[in-house]
Amino acid sequence: MTQLVWRTDSCLPRFTGRSEVNAVHLLELKNAAVVDFNAIAAKMEETSDRALAEMIALGGQIDCRAANVTNLERLVDQIRHRIEVLEEQQA
993 MTQLVWRTDS CLPRFTGRSE VNAVHLLELK NAAVVDFNAI AAKMEETSDR
1043 ALAEMIALGG QIDCRAANVT NLERLVDQIR HRIEVLEEQQ A
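Terminal number for the sequence shown in this note's numbering: 1083, no gaps in between.
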């Protein structure tokens, strides 16, 4: 007689010993495979949603840092211009 062994990491049955596979076993195997594929699809969707959220957050950080660099460049230009004006006044 066939014994079904269920593993904790998968709902797919594992046959041990001498196995006589009949239609009921194949139906159980098909149903278990569908459950496994549905679980994989759900995890993939969850993971892709999380990755998209992280990418959007990273994009926001990059935009913020780019704005900071632009502001810093503008301030350095203003300081450089002020130094030039002061040098001209002393000359």
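In this text, a Cβ means the ideal position worked out from N, Cα and C, and glycines have one as well.
- Under the three-state reduction of DSSP output, N1014 falls in the coil class, being neither helix nor strand.
- Residue state for A1045 is assigned as helix, using DSSP reduced to three classes.
- Here the alpha carbons of I1071 and A1043 stand approximately 42 Å from one another.
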